[in-house]
Structure formats: C-alpha cells, structure tokens
Amino acid sequence: KQEVTQIPAALSVPEGENLVLNCSFTDSAIYNLQWFRQDPGKGLTSLLLIQSSQREQTSGRLNASLDKSSGRSTLYIAASQPGDSATYLCAVRPDSGYALNFGKGTSLLVTP
Amino acid sequence: SAVISQKPSRDICQRGTSLTIQCQVDSQVTMMFWYRQQPGQSLTLIATANQGSEATYESGFVIDKFPISRPNLTFSTLTVSNMSPEDSSIYLCSVRQGGNYEQYFGPGTRLTVT
C-alpha cells in the first residue's frame, strides 16, 4: 500500500524567505505526482503536476521536483508571502487504479 | 481547468439522518470521484462514479452507507446515510481532465454530525 509522508507537518517563516516542503512515497510505481494548496475550510487548488518521466515543473514562484527512484518530491517556494499561508498537500497517482494517495500536508504560515 | 461547485457548502445534521451532497462540473467528464477528509487526516477516496454505471467503492466504503448517483456527464450526488458523529468530515468532489490526468477538486462540503 502506498504511503505518502510530508515533512514538516507545520512550518512558520518570515515573509521573503525561500522554503522547501518535502514529500516522500514508498512505492515508486507512480503515474504522476501533484501538489495542491488547501486554504482553511476550502477545497484543493492544483499547483503543479509532475509526470513520472519528468524531473521538475515550475509555475511562477513555485518549483516542484521529482526523484521517482528514491520516492521523493520537493516543493520550493521562492520569496514567500503572507498569502502563501495554507496547507500544502502532496498526492501520488499509482500506475494502476484511480485513487490519489495523499499525504497529511504541511501547514505553512508566512508572517509579515 | 474544470470548475466544480458543490452544495451545500456546510451542514450540521443530527445522528441517524441522511444528507445528499451535489456536485456540478462546468464541462463533461467521464469519471467523477468522491473523497473524504476527516479532521486532521489526509484525503481518502470513497468511490469513483462513471455515468451510466454503478459506482466503484474503495475498501471500507459501502453503497448502503454512501449511495452515489451519476445521471449525466456533469453532475453527481453523494448521500451520507444514517449519519453518526464519525461521519463528520469534509466531502470533496473531484474530476480529472487532460491527457496528463490532472485532478481538480470542488470547494468541499463540511459536514458536522451531532
């Protein structure tokens, strides 16, 4: 069974810092990996999708990397802003089946 | 990207009653998914709903407890039946689109059972 772990569980940084969120998964037989953002009491917003054959994806201040063989992904946020405060979720799609396997998320607080 | 709406956005229900959650998508999709997010936990897939066929349930979820309808390619409902406090969760509707199977989520329905 695929296990997805996100470290740290919570993170507080001052505005302007660059930061890295980590995601690890136990089964490397994945189709893709997706990073989401969840604001309190809200649904999920897709941030970045990385196919299993890709190494990284970038969108604005966000960069996600994937090392499939070692079962790791990182989400890099540059020049953090208070508006980045949210929970960030990592999810992997297996090669077979439809279910996304989610981590528990990293709760990020960016202070002014 | 798909735009997904859900109704209701939140509800407080009494034990033993049922609640039906609606999910509407702005484009036709083959597959719709229902997820549950219990307090402090990660999201878990409840079932996959294809139009014109019975929903497929994940281990630990049964049709009697979570009946699902999928009458057309843009709409689905999930009913939470005979509710107990353990059903208090956020229920999210999801679809996938595009050749890379990117997944999109609705805003969720926050259910509290008293």
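Residue numbers (my numbering), protein chains in the order written: chain D, 1 to 112; chain F, 113 to 226. By construction, the Cβ of each residue, glycine as well, lies at the ideal position given by its N, Cα and C atoms. Being a predicted model, the structure only gives us computed values, none of them experimental.
The Cβ-Cβ distance between glutamine 215(F) and phenylalanine 145(F) falls below 9 Å. In summary, isoleucine 50(D) is buried, with 16 or more beta-carbon neighbours lying within 10 Å of its beta-carbon over all protein chains present.
Looking at the backbone, the Cα of serine 200(F) and that of tyrosine 76(D) are separated by about 33 Å. Against chain F, the beta carbon of asparagine 32(D) has neighbours under 7 Å at Asn212 and Tyr213, listed in chain order. Taking 9 Å as the cut-off, the Cβ atoms of glutamine 34(D) and threonine 106(D) do not count as close. Membership of aspartate 67(D) in the beta strand (DSSP E) is indicated by the continuous run 62–67.
Close partners of glutamine 51(D) in chain F (Cβ separation under 8 Å): Asn212. The Cβ-Cβ distance between leucine 155(F) and leucine 204(F) falls below 9 Å.
Remark: fewer than three beta-carbon pairs, one from each stretch, lie closer than 8 Å, so the region 64–73 of chain D and the region 119–138 of chain F are not flagged as touching. Residues of the same chain with a CB within less than 6 Å of the CB of isoleucine 124(F), apart from the 5 flanking positions on each side, are Thr224 in chain order. The C-alpha of serine 139(F) lies about 13 Å from the C-alpha of serine 206(F). By the Cβ-count criterion, isoleucine 158(F) is buried, with 16 or more other Cβ atoms from all chains shown falling within 10 Å of its own Cβ.
As computed with DSSP, tyrosine 216(F) is found in a beta bridge with Val207(F). Secondary structure at glutamate 56(D): strand, using DSSP grouped into helix, strand and coil. The three-state secondary structure of aspartate 123(F), taken from DSSP, is strand.
Residues of chain F whose Cβ lies closer than 9 Å to the Cβ of lysine 104(D) are, in chain order, Gly152, Gln153 and Ser154. Around serine 59(D), no beta-carbon contact reaches into chain F at under 7 Å, the shortest distance being about 12 Å. Under the 10 Å beta carbon count, leucine 109(D) is surrounded by fewer than 16 other beta carbons and is classified as exposed. With fewer than 16 neighbouring CB atoms inside 10 Å of its own CB, proline 112(D) falls in the exposed class. At a cut-off of 9 Å between beta carbons, serine 113(F) contacts chain D.
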